[in-house]
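Beneath this line is the structure, given in structure tokens, with notes to follow.
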């Protein structure tokens, strides 16, 4: 039984794991982790793999490394692990500039385009074609941010997750509230959350929902209302779209309308708990997050369920994921690609998804259900598969991370704290972001 727990803030910095598999298919990696294309049959080659994560994440990488080296005895992998993702991208860029970069490394999906603009990544599409990689087995929304639709493959997704709602079945049963469905709406969510919220102050009351205030759930709310963020020419952030303000007004209302069904930022801080902590303690009947939330839910084994984030007009959401990339100046591109190809094979993906930190990136492995945690119902396979299949790509733009992580969140924060209107906050954000987009 898994006993380790980790903070949600660290989980959010990792974001995920997984992908691949059908041993009868002639293509790879969905077919097999091995190929007849091994480049160094006798000469031993050493490659370095740099990644971030918790101790449990490190153990997963050690298992993948061991499995890879068993199939590729001539390729040895050195693991270069750090606990936090905060300074990781800058560190990798410094190593690339200094000529001592890792051969394979993590990049968050929002940063891939900025690395491409700096011209430091190896385009892996030629290697993928040489190895007959079956791109049809990848969920489509994972490929566009990697440049695939423009004839490139700058990185491979290693895991993915849609943004979901986790609910406590016992609290729903106690309040005689029906379990949410896969097609539930904002109105359905509001009614359930209100029925599950008790009286009292932020420390004593039970909330219907404990919400996070970062771009993940905000973008998901926008997508669920049919909003579009970036103009087709990439020169304007479409924050004046009424669908976007409507989505963020709804998300904000969960904290302030009729006393709120979710704690305010100050209220959450006053509890001294994270949103997942509140969920585990029975102080919140629902919590939002990616697949990584399930990692912490062992104390509620058999007592929790998961459904898509509620929708207004569309049942699609953005995908959050981490990728594997190679520097242009690696001395061992073929061996490094062998490792990446193995990572998105059935063997490695089953290892990677076993922790509950992320979902497989391939349809075949997701459909297998082998990633389900002990006691997790089989119905979750279809729920996650449908959301992964219907997801929309985040924009592939070199300053996307800067505009969302920095400018958008800085400008929207006062609105989420009920200091200014959502419309005013979006107006300020659009002005600043459009300047950056047109530099």
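In mature numbering (1 follows the signal peptide of the UniProt record, and there is no 0), the protein residues as written are -23 to -1, 1 to 416. Don't be surprised by glycine CBs; every beta carbon is placed ideally from N, CA and C. Here the structure is a predicted model, which means the values were calculated and not measured.
Exposed or buried, which one is residue 80 when buried takes at least 16 other CB atoms within 10 Å? What you label residue 80 is simply residue 103 of the chain shown in a count that begins at 1. With 16 or more other Cβ atoms within 10 Å, it is buried.
In whole angstroms, what separates the C-alpha of residue 140 from that of residue 21? Position 163 of the chain shown, counting from 1, holds the residue named residue 140. Position 44 of the chain shown, counting from 1, holds the residue named residue 21. If you take the alpha carbons of residue 140 and residue 21, they lie about 42 Å apart.
Residue 58 - DSSP class collapsed to helix/strand/coil: Walking along the chain shown from the start, residue 58 turns up at place 81. Strand, per DSSP.
I need the straight-line Cα distance from residue 332 to residue 416, nearest angstrom please. Residue mapping note: residue 332 aligns to position 355 of the chain shown, counting from 1. Residue mapping note: residue 416 aligns to position 439 of the chain shown, counting from 1. The alpha-carbon atoms of residue 332 and residue 416 are separated by roughly 42 Å.
Three-state secondary structure (DSSP) at residue 323? Locating residue 323 in the chain shown gives position 346, counting from the first residue. In the displayed model, residue 323 falls within a helix according to three-state DSSP.
Straight-line Cα distance separating residue 49 from residue 102: Within the chain shown, numbered from 1, the residue matching residue 102 stands at position 125. Within the chain shown, numbered from 1, the residue matching residue 49 stands at position 72. Distance between the alpha carbons of residue 102 and residue 49: 22 Å.
Verify the contact flag: residue 225, CB atom, against every heavy atom of the ligand MN, threshold strictly below 8 Å. No copy of the ligand MN occurs in the structure displayed, which carries no ligand at all.
Count the other CB atoms, across all protein chains shown, that sit within 10 Å of the CB of residue 355; report buried if there are 16 or more and exposed otherwise. In the chain shown, residue 355 corresponds to position 378, counting from 1. Per the 10 Å Cβ criterion, exposed.
Residue 23 lies in the beta strand (DSSP E); which residues open and close that run? Counting from one through the chain shown, the residue named residue 23 turns up at place 46. For residue 23, the enclosing beta strand (DSSP E) stretches over residues 22 to 29.
Among the residues of its own chain, which have a CB less than 8 Å from the CB of residue 349, if the five just before and after it don't count? Against the chain shown, residue 349 aligns to sequence position 372. The beta carbon of residue 349 sits closer than 8 Å to those of 355, 357 and 358, all from its chain and outside the five residues before and after it, given in chain order.
Beta-carbon proximity of residue 377 to residue 170, cut-off 9 Å: As a working note, residue 377 is residue 400 in the chain shown. As a working note, residue 170 is residue 193 in the chain shown. Contact flag unset, no.
Quick check on this structure: which residue in 190, 213, 219 and 322 has the alpha carbon closest to the alpha carbon of residue 202? In the chain shown, residue 202 corresponds to position 225, counting from 1. Scanning 190, 213, 219 and 322 for the CA closest to the CA of residue 202 turns up 219.
Buried or exposed, going by whether 16 or more other CB atoms sit within 10 Å of the CB of residue 67? Stepping through the chain shown from its first residue, residue 67 is reached at position 90. Taking all protein chains in view, the Cβ of residue 67 is surrounded by fewer than 16 other Cβ atoms within 10 Å, so the residue is classified as exposed.
As an exercise, report each continuous alpha helix (DSSP H) stretch of at least 4 residues that is fully enclosed by the segment 54 to 138, in chain order. Entirely contained in the segment 54 to 138, the alpha helix (DSSP H) runs reaching 4 residues are, in chain order, 65 to 74, 89 to 94 and 102 to 107.
Cβ distance (whole Å) where residue 310 is taken to contact residue 104 below 8 Å: On the chain shown, position 333 is the one that residue 310 refers to. On the chain shown, position 127 is the one that residue 104 refers to. Confirmed, about 7 Å.
Supposed close pair residue 296, residue 145 - CB separation, criterion 8 Å: Position 319 of the chain shown, counted from the first residue, corresponds to residue 296. Position 168 of the chain shown, counted from the first residue, corresponds to residue 145. The pair is not a contact, with the Cβ atoms about 25 Å apart (cut-off 8 Å).
Quick one: what's residue 246 bridged to in DSSP? Residue numbering aside, residue 246 sits at position 269 when the chain shown is read from its first letter. Beta-bridge pairing links residue 246 to no other residue.
To the nearest angstrom, how far is the alpha carbon of residue 62 from that of residue 154? As a position in the chain shown, residue 62 is number 85, starting the count at 1. As a position in the chain shown, residue 154 is number 177, starting the count at 1. Whole-angstrom Cα-Cα distance: 39 Å.
Buried or exposed: residue 413, going by 16 or more other Cβ atoms within 10 Å of its Cβ? As a first step, residue 413 is located in the chain shown; it is residue number 436 there, counting from the start. Its Cβ having fewer than 16 others within 10 Å, residue 413 is exposed.
Under 8 Å: do the segment 241 to 248 and the segment 380 to 400 share three or more Cβ pairs, one atom per stretch? Contact between the segment 241 to 248 and the segment 380 to 400 is present, with at least three C-beta pairs closer than 8 Å.
Measure the CB-CB distance between residue 167 and residue 231 and report whether it falls below 9 Å. Here residue 167 refers to the residue found at position 190 when the chain shown is read from its first residue. Here residue 231 refers to the residue found at position 254 when the chain shown is read from its first residue. Cβ atoms of residue 167 and residue 231: closer than 9 Å.
Out of 344, 257 and 223, which has the shortest C-alpha to C-alpha gap to residue 187? Working through the chain shown from its first residue, we reach residue 187 at position 210. Ranked by how close their Cα comes to the Cα of residue 187, the residues 344, 257 and 223 have 257 in first place.
Using 8 Å as the Cβ pair cut-off and three pairs as the minimum, do the segment 147 to 161 and the segment 190 to 204 touch? The segment 147 to 161, when compared against the segment 190 to 204, does not touch it at the 8 Å Cβ threshold.
Under DSSP, the alpha helix (DSSP H) around residue 197 begins and ends at which residues? For the purposes of this step, residue 197 is identified with residue 220 of the chain shown, where counting begins at 1. Counting along the chain, residue 197 sits inside the alpha helix (DSSP H) bounded by residues 192 to 201.
Would you identify the three-state DSSP class for residue 158, choosing helix, strand or coil? Along the chain shown, read from residue 1 onward, the residue named residue 158 stands at position 181. Residue 158 falls in the coil class under three-state DSSP.
For the alpha helix (DSSP H) that contains residue 227, what are its first and last residues? Within the chain shown, the letter at position 250 stands for residue 227. Its alpha helix (DSSP H) spans residues 219 to 233.
So within the segment 280 to 359, which uninterrupted beta strand (DSSP E) runs reach at least 3 residues, ignoring any that extend past its ends? Listed in chain order, the complete beta strand (DSSP E) runs (minimum 3 residues) inside the segment 280 to 359 are 281 to 285 and 296 to 302.
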